[in-house]
Every structure is written in structure tokens, then in C-alpha cells.
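Chemist: In our numbering, the protein residues as written are 5 to 781. Quick reminder that beta carbons are idealized off the backbone N, C-alpha and C, glycines included. Below: one structure in C-alpha cells.
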Ligand code: PMP
């Protein structure tokens, strides 16, 4: 990359002396100075006045020099008290002259006055000095406000934060993983959130290079000079201050002081706008990230060449860590205070912006939990962390069954991703290991497994398998079930259907809901009564000339309100369907993998064996995995009729993830944990029921927990509005739950199985408080 490796010109001192005399009429002692890409030297005349002789890099476009010289002349004219170098014209009154080097390349040569003072790098700077620097930077910005040069508008500058993502490929050169993550996160944040806002900020030509080697201090530590306009660009004014902050943070204990003092000084001259203040943290982080990426890249390219950015001690990485430790929210709060701006919730703006983007890119009707919605950024075990730093106990999500970002599962995914990820058209061990593990768990005749990518797909394939096997068309489901999103499965998901119509081949079965059934729910043969509804459904199909191909049952009856098993009910339905020639599908998307506590599969609670098992959600702990497990003859029959193949289903990485999930469930005895904690939660909820009349029914199977809320216990009047309020109140108590059921009056809790007793008590306490708050309101 040329912009990372331009070499400076190499004139001899004699040559430089000759050019200075001939073109600028200057004579004196010449001393070379360091420059990254130009050749700079100082000429001190006999009368003590000094000049900087600048020979530009051969690659430097003349335009840019013209722009730099132009700005210095502009500042001299509009703000003569700002200490910037003055431009010395040639003996012919020109701003620059072209000179040729020994290698034949020609360079622009120009001369500036030399400013006396101590480099800030050599001075101990205190808060007062930083305030002066901030104020001077703001004055410089004001002076440059009326200046424009096209060259400043279209620069391709190494340091321009707007180019941040072009350095992403160099991330691999940062050896330390945590630091690499921090840098990557800063770039992501910049690209995703910051860059889209930049065009709305006030912009002009800015110096954009205030650091301790470009700043001179005089006696009393007054600003005596600002030099080097080579990184000047047209961009948001706030880049100036962000750059200074980034360069002057040179010790962890100085972070707050430098931020505050520079900002206060700047704001005293040019009041900052709220949008600028709120972006400052991210802009500083981005620039620190770029610094490290360029540095790491240069070091890797030329390990033997000393790098001027290789500072001893505190560097960009340390500055970044120090800032990250303070956090965006705190830094922004400090800056807002410094600028006398109200302490807004920076989150509110951010959430609004995300909602706006979401509506635009994902449609305006897409449902989001909570009002205001939650912006989550990290998960860990049973905890979810929001962008504003708040942590929530996740009692809602059943997908991360072994805990959010479970390290063994993450590691398995990473390891296999590095090695190979392809499909089941090739031989491979991972998918076989996984299929064997699952079929052993299913046991008996359910000995073949095929893989897809979601619960919906698994159910869809199960349905096709059943159709192929039976040659029948009818499909039975529970009256408020949910099984997925494909057309075929949506037809048996009444809970998702807002049209109120049922496909011609579908019949729904009444749910075995003891609580809703009232006193009848306690009858000895409640199960038999409910199961008999299958006879009615099968007869109804027959009247339309159809037989049932399958019945699908969610063993946990989640959508129906997390019903506890009614012994004999599912067996009764399965018997009837089988007698009519149909297959029985156990949808284990919610109830499988040990959630129900007593058994690995939910159907085992009902004392049945299905013909087909479908799995999804928790199988990959967040990695998309779906599977269908059935008898070999049923599956083979299907495959003979359809060249079924899923590109991603059963890929090496998914299989590795699935295996790791099974290992964790087994090794950490999570099923047993679900049983123990389920009992603990149930006892706690029954105690709450004594005190809160809103609780009508408590239903717990392992860690599938339903609390049905009613406004009248006698009439069992669904308390839908109260349920909604309770869900939001619990959020305020840092516990995430959902709602469920035909009337939306059932609190749904399905925490990751790594839930502990302390987590359960935290949730119970929050519920207690939320119920109290609700009844007091
Ligand atoms: N079956 C059941 C019982 C479910 O709860 C769900 C998802 N909530 C599905 C199937 C569909 O799974 P997916 O969203 O992975 O397609």
C-alpha cells in the first residue's frame, strides 16, 4: 500500500543550502529535522532568525502544498495572533519552487518561518495548559472556517477516521486477542453507528493534527506555535478535538483530566454541539484503533526499521483500554457536564436511531420486545448485557440452553470453522458423531437422523416424510399451537395465524388445559375426554375425503400456555391417529434437550414414543440447527421419492456445535439441574400465589415455567393488560420474561439450564416486587 510506505526525499545539506540561497535569498546554518514523508531542515541566519526549509515528497500533489501554503496565508490575514508559520516567498515572489534530486525526481521546495518554543512533548502539561491548547485549537478552527481549497476536500489520508474500515485486514497483525477485539469493536462501531451520522455535523477545512510534536509552548506554557498542516482535510470540525484528545492521553490517570481540560478549553471558544459531544468517545476510539492497526502493520512489514509510533510505555492500546474502562456512557456524561449540556440518556438517542434504521431496512411492522426496546450487546451464561451497561437475568430465551456464548460451544465452532465447513455430500466424522449421539438419545427404532437449519424446516420435512409414508393428506395440531414458518407448518400453527382461517386439510385439537377447563379439569378422565377430540377431528377429515397423515404435538404445550402434562392425553391422541393410519410427530423444539427436567425428551413425560422427532432452537445453543429423527424405513421411503438435501444441514461446524451442546448438558448435569431448580421455582411461585391474587395458576415442568394471570380467580378472567405491564416491570427489575397463551395472560419463563438457585431467587424476588408494584398501581 503506497500510503503506508512513501519514503522522504534525500537531498544533501549542500544541495539544500544552495537552493535556499538561490531561490529564497537565505543563508545560514542548516540542521536536518525529522519528517515522516518530507525532507525538512532548519536554517538559522546570522541575525538569529530561523526558517524551515521544506522539500515535499515526490508523490505529494502540488495541490496539497498550495492548500497548506494557502491556509497559512489565510490565517495570517484573518487571525494574525494565532502562532502559525508565515510563508516566505521566493526571490521571484512565488510560493514554491521546483527542484530536482540526484535521482531525477523533482520536488516542490518552500520555506516557512521557524517558530521558537518548546515542543509540547518535552513539557509537563497540566490541566491549565490543556485548556489553553483546547482554546487555541478552537480559535484555529474559527480562523480556518472561511478557508477552502479543493485539495482539502478529496484527500486520501492515512489518518482520516472515515477510512477506518480499510484497515480491517490488518487486525490479524494485532497479536493480543483482547486488544484485537477492542480495536475490531471500535471499527465496527464506527462503521455501523458513527459514520452514518458524520454528514450531519458541521464541517470545514481543519488542521486535524494537534499533538505533542506539532505544538510549541512558550514561557508560562502559553501556546507559541501550531505547526504541520500536512494532514489538513475537509471534515467534521469535531475531528480536530477528537484527534487532540487521542494524542494527549499519555497516562491512564490523565484520561479524565485531558478529556475535560481540552474540551473545556475548546468549548469556551466554540461551543460544542450535543451531537459532536456524543460522538467524541467513538471518534477517539476509532483514531486509537487506526493508530494501532497502522502501527501493527508497519511493524510486521519492516520489523527491523524503528517505527516512530512505537512509543515506550503508554501507547494507543493503553489509551484505548483506559477509555474503555471508563466507558462511553461515563465519558459522554463527563463531556456533557463540561459543556453544560443536559445529561441526556445517550442511550435514548441510540435506541431511536436503531429503531429508525430497523424500520427502514427491516420493515415498519417488525415486532420488537419492550418499550423502549432493549439494545443488547453481550451475553454470558444466564446474563444479557445492554448497550447502556445494564445487565439482565435472561429467563426468557430457551435457545442458549447451556448459557449465552458458552465457551466450549464457541470454541467448538471456532475450531471447526478454522478446519473445514462443508456439506453432507462428503464423508465426515462430525455429522456422524452427532447423528449417532442424537439417535442414541432417541433410542429404540428412532435410529436415523437428517439435518436442516431450523425448527420450522425440521417440521416441514417431518410433514413431507409423513405424507410420503402414509399417502394421506390430513394434518392435526393443537388449537393454539406454534410449529414454524413454512407454508405447510404455518397451516398447523394457529397461534401465528391472524386470518382466523384454517387450511382444508388441517384440524385442530382442543388443548388439555386443566386450568381453563375449570372443575372438569379435575375429572378422573380429563385426559380421555380431551383425547377423544381427536376422533371428532379424524371424522371431520373423513367427511372431506381425507385421512390423517400426521399429528404434531409440542410436548411442552408452550404456545397453549405451558400446560403441564395430563397423563394419558398424548397417548390417547397418538393411538387414535395411528389407528387412522397417521404418523405421530413430537415437536421437541421447545421441550427437548433436558429442559423438562425429568427426561431428555418432552414426549417421555407423556409416556409415548413418536414416529418422528423434530428438534431446533437449543440444539446449537444459538447456532442454527434443526433435525428430524425417525425410523429408517420411513426416512428411506421419503428419500426414494424426493432427492432431499439441505446445503447447510449437518455441516461440519453445525455438527461440532451440536456435539458440544450435548457434552455440556451431560457434563454439567443440566437436565438434573432443570429438575431441581424447577421444583425450587415452583415452590417459590406457589408462595407468591398466596400473596398475589393476580396469580391464577402456576405451571412448572423443569425449567419451562408458566404463570397464568387472572383478574378474578373464580371466573379465571385473563389479565392480559396486567401481564404486559408485569413483563415491562420485570425488565425494570432486570429480569427478562415473555408472555404467552390465547389471551396473552401467561408469563413465560424458559431460562438457560445453567440457571442457579441464586438466579432463581433473584427472579422470584423481582416477580414479588413487580406483582406488589402492579397491585399498588
Ligand atoms: N416448533 C416449536 C414448538 C417452536 O416453539 C418453534 C419456534 N418458536 C418452532 C417449531 C420453529 O422453530 P424455528 O423458529 O427455528 O423455525
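Could you check whether residue 249 and residue 263 sit closer than 7 Å to each other, using their CB atoms as the reference points?
Modeler: Contact flag set, yes.
Chemist: CA-CA distance, residue 708 and residue 170?
Modeler: 47 Å
Chemist: Where do the N-terminal and C-terminal ends of the alpha helix (DSSP H) with residue 28 fall, by residue?
Modeler: 17 to 28
Chemist: Is the beta carbon of residue 214 closer than 7 Å to that of residue 141?
Modeler: yes
Chemist: Go ahead and pull the three-state DSSP assignment for residue 304.
Modeler: helix
Chemist: When the Cα atoms are used, what is the spatial distance from residue 19 to residue 257?
Modeler: 48 Å
Chemist: Can you tell me whether residue 315 is buried or exposed, with buried defined as 16 or more other CB within 10 angstroms of its CB?
Modeler: Because the pLDDT of residue 315 is 47, which lies under 50, any placement of that residue in the model is unreliable, and the question is left without a value.
Chemist: Give the straight-line distance between the Cα atoms of residue 383 and residue 409, rounded to the nearest whole angstrom.
Modeler: 6 Å
Chemist: So what's residue 314 in DSSP terms, helix, strand or just coil?
Modeler: A caution first: residue 314 carries a pLDDT of 49, below 50, which makes its placement in the model unreliable, though a value can still be read off. Coil.
Chemist: May I ask you to check if the CB of residue 608 is nearer than 6 Å to at least one heavy atom of ligand 1?
Modeler: Checking the Cβ of residue 608 against ligand 1 gives no.
Chemist: If we count the other Cβ atoms within 10 Å of its Cβ and call it buried at 16 or more, is residue 24 buried or exposed?
Modeler: buried
Chemist: Can you tell me which of the three DSSP states residue 35 falls into?
Modeler: strand
Chemist: For residue 114, which beta-bridge partners are listed by DSSP?
Modeler: Answer is 58, bridged to residue 114.
Chemist: Just checking my contact of residue 92 with residue 15 at CB under 8 Å: how many whole Å lie between their CB atoms?
Modeler: About 18 Å separates the two Cβ atoms, so there is no contact after all.
Chemist: Helix, strand or coil for residue 356? Go by DSSP, reduced to three states.
Modeler: helix
Chemist: Report the CB separation of residue 190 from residue 268 in whole angstroms; it is logged as a contact under 8 Å.
Modeler: Contact check for residue 190 and residue 268: beta-carbon distance about 25 Å, past the 8 Å limit, so the pair fails to qualify.
Chemist: Where do the ends of the alpha helix (DSSP H) carrying residue 218 lie?
Modeler: Run containing residue 218: none; DSSP gives neither H nor E here.
Chemist: Starting from residue 564, follow its DSSP beta bridges and name the residues at the other end.
Modeler: Note: residue 564 sits in no beta bridge, so no partner.
Chemist: Whole angstroms are fine: how far does the CA of residue 458 sit from the CA of residue 761?
Modeler: 31 Å
Chemist: Please state whether DSSP places residue 50 in a helix, a strand or coil.
Modeler: coil
Chemist: Starting from residue 630, trace the beta strand (DSSP E) both ways and give me its first and last residue.
Modeler: 630 to 634
Chemist: Given 6 Å as the limit, tell me if residue 558 has its C-beta closer than that to any heavy atom belonging to ligand 1.
Modeler: yes
Chemist: Compute the minimum distance between the beta carbon of residue 487 and the heavy atoms of ligand 1, and state whether it is under 6 Å.
Modeler: yes
Chemist: Kindly list the residues whose CB is nearer than 8 Å to the CB of residue 66, restricted to its own chain and excluding five residues on each side of it in sequence; keep chain order.
Modeler: 100 and 112
Chemist: Which residues bound the beta strand (DSSP E) around residue 430?
Modeler: It is not in any beta strand (DSSP E) - residue 430 carries neither H nor E in the DSSP assignment.
Chemist: Does the beta carbon of residue 52 come closer than 7 Å to any beta carbon on chain D?
Modeler: Looking at the structure shown, chain D is missing, and only one protein chain is on hand.
Chemist: I'd like to know whether the C-beta atoms of residue 473 and residue 641 end up nearer to each other than 7 Å.
Modeler: yes
Chemist: Can we count residue 593 as close to ligand 3, meaning its CB is less than 6 Å from some heavy atom?
Modeler: Among the ligands in the structure shown, ligand 3 does not appear; only ligand 1 can be found there.
Chemist: Under 6 Å from any heavy atom of ligand 1, does the C-beta of residue 565 make it?
Modeler: no
Chemist: What residue from 346, 756 and 429 has the CA that sits closest to residue 626's CA?
Modeler: 756
Chemist: Which value, in whole angstroms, describes the spacing of the CA atoms of residue 199 and residue 753?
Modeler: In this structure, the straight-line span from the alpha carbon of residue 199 to that of residue 753 is close to 39 Å.
Chemist: If distances are taken between C-alpha atoms only, which option among 674, 53 and 669 comes closest to residue 31?
Modeler: 53
Chemist: How about residue 544 and residue 590: do their beta carbons lie closer than 7 Å?
Modeler: no
Chemist: My output table needs one value for residue 239: the three-state DSSP class, helix, strand or coil.
Modeler: strand
Chemist: Could you tell me whether the stretch 712 to 727 touches the stretch 534 to 552, using the rule of 3 or more Cβ pairs below 8 Å?
Modeler: Taking a contact to require three or more Cβ pairs closer than 8 Å, the stretch 712 to 727 and the stretch 534 to 552 do not qualify as touching.
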